[in-house]
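Residue 64 in the numbering used here is what sits at position 59 of the sequence shown, and the numbering runs on without skipping anything. In this text, a Cβ means the ideal position worked out from N, Cα and C, and glycines have one as well. Below: the structure, in structure tokens.
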Amino acid sequence: MLNDYLNLQFDVKGKTFKGFCMRIHDDFHITYAVILEDCHSFCVWLDEKKHKWCSSKFTNLDPTVLDQIIGTLNHNQEQQYTVS
6 MLNDYLNLQF DVKGKTFKGF CMRIHDDFHI TYAVILEDCH SFCVWLDEKK
56 HKWCSSKFTN LDPTVLDQII GTLNHNQEQQ YTVS
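So, in structure tokens, the structure goes:
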């Protein structure tokens with residue numbers, strides 16, 4: 006089973022980001038609420054038809070940070086499929 010809660014901590018461009026992702030169960034996508042310290046919260050989801058991660062319309066974050074979060078989620082998904 007994919008983790009419903011995932012701690013985040015990583016560095017991008019000399020700044021440390023800490024927070025967590027929490028799985029939101031819906032009928033359409035694999036969706037996570039993302040909460041980072043000193044930032045607003047937002048959602049990311051996997052659009053399985055396009056095979057692409059998307060983020061909330063008002064996500065105001067450096068694309069490198071968003072890529073780091075999505076990379077972490079992708080890594081966890083890969084682990085799920087190799088363990089199952």
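Spatial neighbours of Ile40 in its chain, beta-carbon cut-off 7 Å, leaving aside the 5 residues before and after: Position 35 of the sequence shown holds residue 40. These residues qualify, in order along the chain: Gly24, Phe25, Ser46.
Supposed close pair Ser60, Cys44 - CB separation, criterion 8 Å: The residue given as residue 60 occupies position 55 in the sequence shown. The residue given as residue 44 occupies position 39 in the sequence shown. Not really, about 13 Å apart at Cβ, beyond 8 Å.
How would you label Ile29, buried or exposed, when you count the other beta carbons within 10 angstroms and need 16 or more for buried? Position 24 of the sequence shown, counted from the start, is the residue given in the question as residue 29. Ile29 sits exposed, since fewer than 16 C-beta atoms from the chains shown fall within 10 Å of its C-beta.
Distance check for Val70 and Asp52, CA to CA, integer angstroms please. For the purposes of this step, residue 52 is taken as residue 47 along the sequence shown, with counting starting at 1. For the purposes of this step, residue 70 is taken as residue 65 along the sequence shown, with counting starting at 1. Computed Cα separation, rounded: 20 Å.
Express the C-alpha separation of Leu66 and Gly76 in angstroms, rounding to a whole number. Here residue 76 refers to the residue found at position 71 of the sequence shown. Here residue 66 refers to the residue found at position 61 of the sequence shown. If you take the alpha carbons of Gly76 and Leu66, they lie about 15 Å apart.
Whole angstroms is fine: what's the gap from Ala38's alpha carbon to Gln14's? Residue numbering aside, residue 38 sits at position 33 when the sequence shown is read from its first letter. Residue numbering aside, residue 14 sits at position 9 when the sequence shown is read from its first letter. Each residue's alpha carbon lies about 16 Å from the other.
Identify whether Thr36 lies in helix, strand or coil by the three-state DSSP scheme. What you label residue 36 is simply residue 31 of the sequence shown in a count that begins at 1. Looking at Thr36 - three-state DSSP - the assignment turns out to be strand.
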